[in-house]
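Below is one structure; the comments refer to it alone.
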Amino acid sequence: VSITVDQTKFIFDAIYKMLFDSGTPLKVLVKKVAFTPFPFLELANGSTIKCYSCAYDGKYLRGNKAHRLVIDEASRIPEKLLDEVIRPILLDYRGQLILISTPAGHNDFYRYWQRGIDGEKGISSYRFSTYDNPHISGEEIDSIKRGTSETVFKCEYTAEFISDKDFVFKWNVINRAVDGELQSVEFGQAGHNYVMGVDVGKLEDYTVITVLDNTNPNDIPLVYSDRFKDIEYGTIVDRIGNVIKAFNPTKGVVDATGAGNPGV
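This note's numbering applies: residue 5 is where the sequence shown begins, and numbers increase by one.
Shown next as structure tokens:
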């Protein structure tokens, strides 16, 4: 299981390749196989491997049962799904839950990891950095580090959970804002308070425009998101202006960390 079906296919394809390269004909090893809509593999010994996304509040997962469930990018899974949808799948067989991910805040994935670190019975936690991968050059990782922010490098390459004490927004606020499906709307609603953020891309970078509904401070959903590149600045300004007209935000913030070309 992962956040998208495409993400699960990376693992499914690797498994299928292992079977193909095993030296034993596939018709001997595999009883059934399907690649769409959800990858499915039934082996000759009766074991099955199924791939699902957790989209739409986990509706594709409900009704399944499993001996082992592997969640890839577990830190990006909406938190309520772990207890409401994913754990029940394992009840019939008292199955094993494996959570794999790079860190992304102090959410359920972090709390499970911390329980293993604290020695809770039945839970084991492990952390590996990209440097531990024998198939990746350490020099290449060092090169990436020189051009990457410290926070991003720690999360994505050394798998560290970062404290939010120096952040503008606390982890619980970020998690509330991005949890669940994007509540996409084209125009703002009367009586609602919107805030807008823009990160202007340069050269090969993407420009990103986002709008949050700040009407309820305890629930700030992302209601609009646009991401594009290879567009001249004049057109970027026009698109930003169209979003401003559509939502009439009370506040807008443009990222000013880029160097070189002027901001808009």
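Glycine included, each C-beta is placed from N, C-alpha and C at the ideal position.
Simplified DSSP state of residue i, which is helix, strand or coil
i, result
"residue 30", "helix"
"residue 15", "helix"
"residue 24", "helix"
"residue 71", "coil"
"residue 204", "coil"
"residue 44", "strand"
"residue 57", "strand"
"residue 37", "strand"
Backbone CA spacing between residue i and residue j [nearest angstrom]
i, j, result
"residue 8", "residue 70", "19 Å"
"residue 119", "residue 128", "8 Å"
"residue 245", "residue 222", "28 Å"
"residue 248", "residue 255", "10 Å"
"residue 236", "residue 33", "54 Å"
"residue 134", "residue 143", "11 Å"
"residue 258", "residue 152", "21 Å"
"residue 230", "residue 28", "48 Å"
"residue 109", "residue 140", "26 Å"
"residue 36", "residue 44", "8 Å"
Reference residue i; option with closest CA among the options
i, options, result
"residue 47", "20, 164, 140", "20"
"residue 117", "44, 201, 165, 84", "165"
"residue 73", "87, 88, 82, 93", "93"
"residue 241", "60, 27, 204, 192", "204"
"residue 87", "40, 101, 97", "101"
heavy atom of the ligand GDP below 7 Å from residue i C-beta
i, result
"residue 13", "In the structure on display, the ligand GDP does not appear, and there are no ligands present to speak of."
Residue environment, residue i, which counts as buried when at least 16 other CB atoms sit within 10 Å
i, result
"residue 95", "exposed"
"residue 111", "buried"
"residue 130", "exposed"
"residue 52", "exposed"
"residue 217", "buried"
What are the complete alpha helix (DSSP H) segments, minimum 4 residues, inside the region 207-262? With a minimum length of 4 residues, the continuous alpha helix (DSSP H) runs that stay inside the region 207-262 are 237-251.
Let me know the alpha helix (DSSP H) ranges lying completely inside the region 94-143, each 4 residues or longer, listed in chain order. 112-121, all fully within the region 94-143.
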